[in-house]
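Report on the structure given below.
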Amino acid sequence: MAYTTGLHDLGDGCYAWLQPDGGWGWSNAGLVVGDGQSLLVDTLFDLRLTAAMLEGMVDVVGSAPITTLVNTHANGDHCYGNQLVSGAEIIASSAAAEEMAEVPPSLLAGLNSAPGEIGELFRHFFGEFAFDGIELVLPTRTFEGRLEVDVGGKMVELIEVGPAHTKGDTLVYVAEDRTIFTGDILFIGGTPIVWAGPLANWIKACDLILGLDVDTVVPGHGPVTDKAGVAEVRDYLVFVERAAAVRHAAGMSALEAALDIASELEASPFGRLGERGRIAVNVETAYRSLDPTYKAPNIVELFTRMASIEGWQPPV
Ligand SMILES: [Zn+2]
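Quick note: the sequence shown uses the working numbering, first residue 1466, plus one each step.
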């Protein structure tokens, strides 16, 4: 399937909305169309992008309006457009719903317009998005574990697999169509970023998907894939978990370990992945699992490290 911006028909009433190149903030969404109603998987990072997506879905949802919205997790690139899906029931895991309230759009709007180096840094990552005026609409229904949703006769299963990428990650599984929307449990072509962890939990989530009867796998970022894509993400996580543990045992700091692993990654099959600076966050998360008393640095420091590993410096 071509990796182009817009709506892609996966067959059987399942659709993916893709946003190349899948880098920071360029997330995918999904649509499951049943008899007379539809379920939307995630909104996008800002109102302009979400409005364009909903416009692009008009023909498909004309006789099957979106009655349910599922947010796969709390990151803004999967829920900041919620206010445009008026009237729909919004479902998320309890953990995701709680985490959503912690990072309001106004916070990102503030960082994007901050003066000096902090503003430069955040605009480097998020400068293409418009966070002003977004009113975050939170889930109206939460669940824990698993939840079945009937979408006009089509059964959709929500499977909570967090904490992994975030605190409350959810898979959206359409068994009868052998299709799954994974949210950010999968980054294809880009580096996974383990905000919450533990990495072991994310590896377990990959194993769960690999054990399902699925042919079509829609990641949170990157092109539509299959089980081979899931296995690659799993391989990366296993590599990082081991590499971090070895360096932790040898007494290296998390920053030293991240820089060391970054150079090893460059020569590995993972060297072609985008956003390779995310190793800085992934090692911090691994260190927190290895030592629960370990305190990770703040978000500005983490973004500074990611940018620096990728060779970016603030303009002087
Ligand atoms: Zn995302």
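Glycine residues also receive a C-beta, built at the ideal position from the N, C-alpha and C atoms.
I'd like to know whether the C-beta atoms of residue 1491 and residue 1502 end up nearer to each other than 7 angstroms. no
Near residue 1577, which residues of its chain fall below 8 angstroms by C-beta distance, leaving aside the five closest residues on each side in sequence? Closer than 8 angstroms at Cβ, skipping near neighbours: 1584, 1587, 1588, 1591, 1592, 1594, 1596.
7 angstroms Cβ cutoff met for residue 1771 and residue 1745: yes
Quick check: residue 1668 and residue 1702, are their CB atoms within less than 7 angstroms of each other? yes
Should residue 1643 and residue 1691 be called a contact, given that it needs their Cβ atoms to be closer than 7 angstroms? No, they are not a contact pair.
Since residue 1722 contacts residue 1712 with CB under 8 angstroms, what's their CB separation in whole angstroms? Rounded, the Cβ-Cβ distance is 4 angstroms, consistent with contact.
Among 1546, 1553, 1482, 1561, which residue has its Cα nearest to the Cα of residue 1522? Comparing Cα-Cα distances from residue 1522 to each of 1546, 1553, 1482, 1561, the minimum goes to 1482.
Where residue 1589 sits in the DSSP three-state scheme: helix
Reference residue 1508, options 1652, 1533, 1641, closest by Cα: 1533
How many whole angstroms separate the CB atoms of residue 1564 and residue 1632, which I take to be in contact at a CB cut-off of 8 angstroms? 5 angstroms
Which whole runs of the beta strand (DSSP E) in the stretch 1599-1645 are 3 residues long or more, in chain order? 1606-1608, 1611-1616, 1619-1625, 1635-1639
With three or more beta-carbon pairs closer than 8 angstroms as the criterion, would you say the stretch 1729-1742 touches the stretch 1642-1662? yes
Indicate whether residue 1758 and residue 1659 have their beta-carbon atoms separated by less than 7 angstroms. Against a cut-off of 7 angstroms, the Cβ pair of residue 1659 and residue 1758 comes out as no contact.
How many angstroms separate the CA atom of residue 1683 from the CA atom of residue 1510? Cα to Cα, residue 1683 sits roughly 18 angstroms from residue 1510.
With a threshold of 7 angstroms on Cβ separation, who are the neighbours of residue 1488 within its own chain once the five nearest residues in sequence on each side are excluded? 1655, 1739, 1740
Please report how far the alpha carbon of residue 1535 lies from the alpha carbon of residue 1715, in whole angstroms. 43 angstroms
Starting from residue 1555, trace the beta strand (DSSP E) in both directions and tell me its first and last residue. 1554-1558
Chain-ordered list of residues that sit, by beta carbon, closer than 6 angstroms to a heavy atom of ligand 1: 1492, 1540, 1542, 1543, 1649, 1685, 1686
Top-ranked residue by Cα proximity to residue 1504, from 1622, 1689, 1559: 1622
Rounded straight-line distance, which links the Cα of residue 1540 to that of residue 1612: 21 angstroms
Can you tell me whether DSSP reads residue 1671 as helix, strand or coil? helix
I believe residue 1547 touches residue 1601 by the beta-carbon criterion, under 8 angstroms. Please report the beta-carbon distance rounded to the nearest angstrom. 7 angstroms
Please list, in chain order, all residues of the same chain as residue 1628 whose beta carbon is under 8 angstroms from its beta carbon, the five residues on each side excluded. 1560, 1634, 1661, 1662, 1663, 1666
Look up residue 1652 in the DSSP assignment and give the residues it is bridged to. 1686
Between which two residues does the beta strand (DSSP E) holding residue 1471 run? 1471-1476
I'd like to confirm the pairing. Which residues does DSSP put opposite residue 1495 in its beta bridges? 1481, 1506
Mark residue 1551 as exposed unless 16 or more other C-beta atoms lie within 10 angstroms of its C-beta, in which case mark it buried. Exposure of residue 1551 is indicated by the presence of fewer than 16 other C-beta atoms within 10 angstroms of its C-beta.
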